[in-house]
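Report on one structure; see the data block that follows.
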Ligand SMILES: C[S@@+](CC[C@H](N)C(=O)[O-])C[C@H]1O[C@@H](n2cnc3c(N)ncnc32)[C@H](O)[C@@H]1O
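In our numbering, the protein residues as written are 1371 to 1680.
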């Protein structure tokens, strides 16, 4: 049986109704992946709208370019990290855009591809790089970081309560032989926590190493700041995240940017008025409907937040 190789984008209707593409507008899909969201943005911005599709993964850019070929030069693929959004737009001589969408994390394609090493469900080389031209990869993190560094990564980026035990077990395992595959890393985790620790601990540790390899939180903070600056007044920034660390960053960056005052620094003086840069459109994050979650397990943890540039 032939299966559809394009996955349905997460929270598609909700993200489009908040992004509100208009005919002729210029949009950025900062994480174009397989091009699902971008195709919808291009359809909604007819006639004449453009979508600049960024991804740090060469294969994603190739896939999106093929899928969106029928849109001609309305789709502009760019291989780059969204942490450098300002220079991407400067190179294209674009000073302002009408909206920016981020759909963070790894794509289903990256998870399913056997050589990428993102998944603990298969035994693959320990890689986890979204940009395969960068040098740091997962095997280097698990085989060269000190036990303290590993503990810190697993605690901060995985929020795993047994971070210290897991880090010690990784260091014990690698003293016998280097960890080369996702299976080696998974065994080091289950050896210390037992199978009862289950999928959740595996997922948390794998998430932590992936965030470290790709500097994901740093890039997110940079990308969001650039997005706020580069969106024209009335334009919107829409972001879908998949874990609490990302969602917290988005919530805080939007909240900071929406403030009308900043503390004066002394209790003797009142707060200083400042010009808010955005209006937050989602007091609480939008989540997928039970219907969507049944059809797509990945949507379960998705949280969408949006803001309008003032
Ligand atoms: C969840 S997928 C996006 C799926 C896409 N919305 C679609 O409809 O097919 C996330 C994509 O973001 C890319 N990505 C993650 N972090 C990135 C970053 N800092 N800069 C650019 N692309 C990034 C990944 O390579 C992946 O292809």
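For glycine and all other residues, C-beta sits at the position ideal for the given N, C-alpha and C.
Residue i versus the options, residue with shortest Cα-Cα distance
| i | options | result |
| --- | --- | --- |
| residue 1520 | 1470, 1474, 1577 | 1577 |
| residue 1495 | 1436, 1523, 1555, 1544 | 1555 |
| residue 1587 | 1535, 1622, 1395 | 1622 |
| residue 1475 | 1468, 1464, 1488, 1463 | 1488 |
| residue 1443 | 1454, 1427, 1462, 1455 | 1462 |
| residue 1680 | 1565, 1633, 1648 | 1648 |
| residue 1422 | 1571, 1561, 1455 | 1455 |
| residue 1490 | 1550, 1383, 1377 | 1550 |
| residue 1613 | 1469, 1668, 1419, 1532 | 1668 |
| residue 1424 | 1666, 1415, 1408, 1417 | 1408 |
| residue 1468 | 1526, 1397, 1382, 1545 | 1397 |
| residue 1617 | 1560, 1594, 1637 | 1594 |
| residue 1445 | 1429, 1459, 1580, 1405 | 1405 |
| residue 1542 | 1526, 1559, 1377 | 1559 |
| residue 1600 | 1511, 1517, 1458 | 1458 |
| residue 1500 | 1492, 1627, 1579 | 1579 |
| residue 1514 | 1544, 1604, 1525 | 1544 |
| residue 1585 | 1509, 1527, 1646 | 1527 |
| residue 1695 | 1596, 1602, 1634, 1532 | In this structure the chain extends from 1371 to 1680, so residue 1695 is not present and cannot be described. |
Start-to-end residues for the alpha helix (DSSP H) that takes in residue i
| i | result |
| --- | --- |
| residue 1512 | 1508-1514 |
| residue 1426 | From DSSP, residue 1426 is part of no alpha helix (DSSP H); its letter is neither H nor E. |
| residue 1503 | Careful: residue 1503 lies outside any alpha helix (DSSP H) and carries neither H nor E. |
| residue 1468 | No alpha helix (DSSP H) holds residue 1468; the beta strand (DSSP E) holding it covers 1467-1473. |
| residue 1527 | 1517-1528 |
| residue 1623 | 1614-1628 |
| residue 1481 | 1478-1482 |
| residue 1552 | 1552-1563 |
| residue 1576 | 1568-1584 |
| residue 1456 | 1455-1461 |
Separation of residue j from residue i, as counted between CA atoms
| i | j | result |
| --- | --- | --- |
| residue 1754 | residue 1507 | The structure shown has nothing for residue 1754, since the chain only spans 1371 to 1680. |
| residue 1670 | residue 1654 | 16 Å |
| residue 1388 | residue 1676 | 7 Å |
| residue 1657 | residue 1465 | 32 Å |
| residue 1615 | residue 1482 | 24 Å |
| residue 1534 | residue 1643 | 45 Å |
| residue 1480 | residue 1673 | 20 Å |
| residue 1574 | residue 1503 | 25 Å |
| residue 1372 | residue 1629 | Only weak support is given to the placement of residue 1372: the predicted model assigns it a pLDDT of 32, under 50, and the question is left unresolved by the model. |
| residue 1565 | residue 1548 | 22 Å |
| residue 1666 | residue 1636 | 51 Å |
| residue 1663 | residue 1640 | 47 Å |
| residue 1568 | residue 1557 | 12 Å |
| residue 1433 | residue 1591 | 27 Å |
| residue 1382 | residue 1420 | 18 Å |
| residue 1604 | residue 1460 | 21 Å |
| residue 1374 | residue 1518 | Note that residue 1374 scores a pLDDT of 44, beneath 50, so its modelled location is shaky and nothing firm can be said. |
| residue 1659 | residue 1378 | 14 Å |
| residue 1661 | residue 1505 | 41 Å |
| residue 1638 | residue 1645 | 22 Å |
| residue 1410 | residue 1438 | 10 Å |
| residue 1440 | residue 1510 | 41 Å |
| residue 1415 | residue 1602 | 16 Å |
| residue 1516 | residue 1532 | 16 Å |
| residue 1634 | residue 1525 | 34 Å |
| residue 1561 | residue 1546 | 14 Å |
| residue 1652 | residue 1429 | 33 Å |
| residue 1492 | residue 1512 | 18 Å |
Beta-carbon proximity check, residue i vs residue j, cutoff 8 Å
| i | j | result |
| --- | --- | --- |
| residue 1403 | residue 1485 | no |
| residue 1412 | residue 1431 | no |
| residue 1536 | residue 1563 | yes |
| residue 1571 | residue 1530 | yes |
| residue 1427 | residue 1471 | no |
| residue 1401 | residue 1473 | yes |
| residue 1650 | residue 1624 | yes |
The beta strand (DSSP E) enclosing residue i, as first and last residue numbers
| i | result |
| --- | --- |
| residue 1676 | 1673-1679 |
| residue 1648 | 1648-1650 |
| residue 1611 | 1601-1611 |
| residue 1416 | No beta strand (DSSP E) contains residue 1416, which DSSP labels as neither H nor E. |
Assumed close pair residue i, residue j - CB separation to whole angstroms, cut-off 8 Å
| i | j | result |
| --- | --- | --- |
| residue 1435 | residue 1447 | 5 Å |
| residue 1678 | residue 1606 | 5 Å |
| residue 1589 | residue 1395 | No, residue 1589 and residue 1395 are not in contact; Cβ-Cβ is about 25 Å, not under 8 Å. |
| residue 1498 | residue 1380 | At roughly 21 Å, the Cβ-Cβ gap does not stay under 8 Å, so residue 1498 and residue 1380 are not in contact. |
| residue 1610 | residue 1385 | 6 Å |
| residue 1418 | residue 1393 | 6 Å |
| residue 1627 | residue 1598 | 5 Å |
Any non-hydrogen atom of ligand 3 within 7 Å of residue i CB
| i | result |
| --- | --- |
| residue 1500 | As for ligand 3, it is missing from this structure, which binds only ligand 1. |
Closer than 8 Å to chain C by CB, residue i
| i | result |
| --- | --- |
| residue 1676 | The chain labelled as chain C is not found in the depicted structure, where only one protein chain is given. |
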